[in-house]
Amino acid sequence: MKKKQIAVFGSTGSIGKQTLQVIEANKDIYEAYTLTANKNWELLVEQARKFNPDNVVIADKALYGKVKEALADKPVKVYAGEDAIAQIAESTETDIAVIALVGFAGLRPTIHALQSGKTIALANKETLVVAGELVNRLVEKHKSPILPVDSEHSAIFQCIAGEGNNRIEKILLTASGGPFLHKSYEQLAKVTKDEALRHPNWKMGAKITIDSASMMNKGFEVIEAKWLFGVDLDKIEVVVHPQSIIHSMVQFADGAVKAQLGVPDMRIPIQYALSYPHRLQSDFERLDFFKCGSLTFEQPDMRRFRNLSFAFEASRKGGNMPCILNAANEVAVNAFLHDEIGFLQMSEVIETAMQTSPFIAAPTLEDFFDTDKETRLLTKELINKKN
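If you want it as structure tokens, here you go:
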């Protein structure tokens, strides 16, 4: 049987590295065809030497020479730049494109991969947050399936498998609540980035970990669920579940609720996306009900975690507002990670950016790129004024 060729966009990040673990554990089924990285050229080279892909791409053109020289003894093609990443996404040799890039950077390669009819294993939620309607049109036009990799959306996907046209009454999107779930508003004003980066359940990259702490990540997942599963926003409910055992649930028209459970391990949804509709044997940790203890649930507090309410607001308004939300958040998170603003100030600059950035009701793809650029500049100005 011909092995499936996998392109891993963002192979040096948390999801990318775990995707390669899945590929390595199933060498008889999968091969890494393309690996890409932003700046982490040393790890990219290490991965290329181990997995022998057809090609690698380093987004930072200034690092091309280092990657090229380090792989000179290998028959691996080396490319550089964001244009090269987009072009590689259209490769006819690739069966599945794993989009594990962080932030807005995932949009362009996803669109190119969709246009070439590939199966998309999507771990980049910002793609659907920013341009969900446009992406869904491409899915329909090119018959390119999107298989969710996020643990919550994979859980929903698994819950509706085999349900056919049975009506979904409600999607129950679970959230851990992050490290600050029960801190007061006054306490949140004093938290540090080191505290925010200590997620109680998941090991993730810095950006998504901060998003989890502010609950922006859950807001993005709400918007993503709307586009992935074709449900109205008022049919998506966020449920705080600190143990992260139930990854999400679906309630159907008859009142029945289906849930997908498991230990917090991203390799499980990654492998399911690669193998769908089949389930492969794995040695991943199993859920032990006698050890996991009590499972608890509570409502999210949108007064303390305002980013979650911003996501609902942006999705209801539509147009380029989710794009504005995402761009402002990316800049705000980066500023927080560099000690330029406090935890609560992230929400303040995001709110101002949403109020002052030009709104476009029916944006084109070019409008999204322009909005992203302009919002980033505006948000940086807002942050500079706070310093």
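All residue numbers for the sequence shown refer to this note's numbering, where the first residue is 0 and numbers rise by one. Using N, Cα and C, we set each Cβ at its ideal position, and we do this for glycine too.
Inset, instruction - Quick one: grab the DSSP three-state call for V190. - result: Here residue 190 is taken as the residue at index 191 of the sequence shown, counted from 1. DSSP places V190 in coil when its eight states are reduced to three.
Legend entry - For Y275, the three-state DSSP class (helix, strand or coil): Locating residue 275 in the sequence shown gives position 276, where the first residue counts as 1. Residue state, collapsed to three classes: coil.
Legend entry - Cross-strand partners of L121 (DSSP beta bridge): In the sequence shown, the residue the question calls residue 121 occupies position 122. Beta-bridge pairing links L121 to I98 and P147.
Inset, instruction - In angstroms with no decimal places, state the Cα-to-Cα distance between K372 and V7. - result: Position 373 of the sequence shown, counted from the start, is the residue given in the question as residue 372. Position 8 of the sequence shown, counted from the start, is the residue given in the question as residue 7. Going from the Cα of K372 to the Cα of V7 covers about 26 Å.
Inset, instruction - Check the DSSP bridge columns for L171 and list the partner residues they point to. - result: As a position in the sequence shown, residue 171 is number 172, starting the count at 1. Beta-bridge pairing links L171 to E236 and M248.
Legend entry - For H152 and T236, believed in contact at Cβ under 8 Å, the rounded distance: If you number the sequence shown from 1, residue 236 lands on position 237. If you number the sequence shown from 1, residue 152 lands on position 153. Contrary to the premise, residue 236 reads as Glu rather than Thr in this sequence. The C-beta separation of E236 from H152 comes to about 15 Å, leaving the pair out of contact by the 8 Å criterion.
Legend entry - Simplified DSSP state of Q259, which is helix, strand or coil: Here residue 259 corresponds to residue number 260 of the sequence shown, with the count starting at 1. In the three-state scheme derived from DSSP, where H, G and I count as helix and E and B as strand, Q259 is classed as strand.
Inset, instruction - Check whether the Cβ atoms of V148 and A122 sit closer than 7 Å, and answer yes or no. - result: Taking the first residue of the sequence shown as position 1, residue 148 is located at position 149. Taking the first residue of the sequence shown as position 1, residue 122 is located at position 123. Yes, these two residues count as a Cβ contact at 7 Å.
Inset, instruction - Label V249 either buried or exposed according to how many other C-beta atoms from any shown protein chain fall within 10 Å of its C-beta, with 16 as the threshold for buried. - result: The residue given as residue 249 occupies position 250 in the sequence shown. By the Cβ-count criterion, V249 is buried, with 16 or more other Cβ atoms from all chains shown falling within 10 Å of its own Cβ.
Inset, instruction - Could you check the C-alpha separation between D231 and K225 for me, to the nearest Å? - result: Position 232 of the sequence shown, counting from 1, holds the residue named residue 231. Position 226 of the sequence shown, counting from 1, holds the residue named residue 225. Answer to the nearest angstrom: the Cα atoms are 6 Å apart.
Legend entry - E194 versus S183: straight-line alpha-carbon distance, rounded: Numbered from 1 along the sequence shown, position 195 holds the residue referred to as residue 194. Numbered from 1 along the sequence shown, position 184 holds the residue referred to as residue 183. If you take the alpha carbons of E194 and S183, they lie about 15 Å apart.
Inset, instruction - For E68, name the three-state secondary structure that DSSP assigns. - result: Against the sequence shown, residue 68 aligns to sequence position 69. Three-state DSSP puts E68 in a helix.
Legend entry - Counted within 10 angstroms of its Cβ, other Cβ atoms place V128 as buried (16 or more) or exposed: One-based indexing of the sequence shown puts residue 128 at position 129. The C-beta of V128 has 16 or more other C-beta atoms within 10 Å across all chains shown, which makes the residue buried.
Inset, instruction - Classify F8 as helix, strand or coil using the three-state DSSP reduction. - result: On the sequence shown, residue 8 is found 9 positions in, with the first residue counted as 1. DSSP places F8 in the strand class (E or B) of the three-state scheme.
Inset, instruction - Run through the segment 304-356 for me and flag every whole alpha helix (DSSP H) of 4 or more residues, listed as ranges in chain order. - result: Under the rule that a run must span 4 or more residues, the alpha helix (DSSP H) segments found entirely inside the segment 304-356 read 305-316, 320-336 and 342-355.
Inset, instruction - Determine the extent of the beta strand (DSSP E) in which K76 is found, giving its start and end residues. - result: Mapped onto the sequence shown, residue 76 falls at position 77. Going by DSSP, K76 is part of the beta strand (DSSP E) stretching over K76 to A79.
Inset, instruction - Please report the Cβ distance between G318 and F368, rounded to the nearest whole angstrom; I am assuming they are in contact, meaning their Cβ atoms lie under 8 Å. - result: The count along the sequence shown starts at 1 and reaches residue 318 at position 319. The count along the sequence shown starts at 1 and reaches residue 368 at position 369. With a beta-carbon spacing of about 15 Å, G318 and F368 fall beyond the 8 Å limit used to define contacts.
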